[in-house]
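Here the structure is laid out as structure tokens; the discussion comes afterwards.
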Amino acid sequence: MQIHAWCTESTCFLAEKDGEIMGYGVLNYHFFGCGFIEMLMVGERYRRSGTGLNLLNALISKCQHPKLFTTTNQSNFAMQRLLLNSGFIKSGQIENLDEDDSEIVYFIPIPQ
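Position one of the sequence shown corresponds to residue 1 (full-length UniProt numbering), numbered consecutively onward.
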């Protein structure tokens with residue numbers, strides 16, 4: 001249901017190869033009016049192939065606000081590495097969304 005809404009709102013961007021969806025990312029401006037990557041998902045067989053990095057870079061380039069944020073769980077080490085390697089910096093932490101798994105906030109400035 002949520003994916004359908006993102007597609008309807010034109011906030012969902014796909015990574016495709018030969019007509020097959022490899023992953024998708026969602027960019028909106030619901031986080032205090034700033035750019036926010038709400039979701040970045042790469043199909044299991046396309047992970048560690050550059051698909052996530054390409055999607056992330058595409059979302060960064062599409063961001064229309066000078067500040068872009070995203071979050072990931074403390075347990076999601078692969079996403080944390082991807083964000084840090086892409087220039088994002090840790091910008092805080094949110095407790096109590098998932099039990100015993102803090103949500104880490106990341107930020108990157110967007111040149112205007």
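No residue lacks a Cβ here, since even glycine has one placed at the ideal position from N, Cα and C. Just so it is clear, the structure is predicted and the values come from calculations on it, not from any experiment.
* Asked: So who's on the other strand from residue 67, going by DSSP bridges?
  -> DSSP lists 109 as partners of residue 67.
* Asked: residue 56 by DSSP, collapsed to three states: which one?
  -> helix
* CB residue 106 to CB residue 51, shorter than 7 Å? -> no
* Buried or exposed: where does residue 19 fall if 16 or more other Cβ atoms within 10 Å of its Cβ makes it buried? -> Result: exposed.
* To do: Jot down the residue ranges of each uninterrupted beta strand (DSSP E) in the stretch 4-42, minimum 3 residues, whole runs only, in chain order.
  => 12-17, 20-31 and 34-42
* **Three-state secondary structure (DSSP) of residue 49** => coil
* **Cα-Cα separation, residue 28 to residue 109** => 16 Å
* Asked: Is it buried or exposed for residue 15, if we count other Cβ within 10 angstroms and need 16 for buried?
  -> buried
* For residue 103, the three-state DSSP class (helix, strand or coil) -> strand
* Asked: Are the beta-carbon atoms of residue 55 and residue 23 separated by less than 7 Å?
  -> yes
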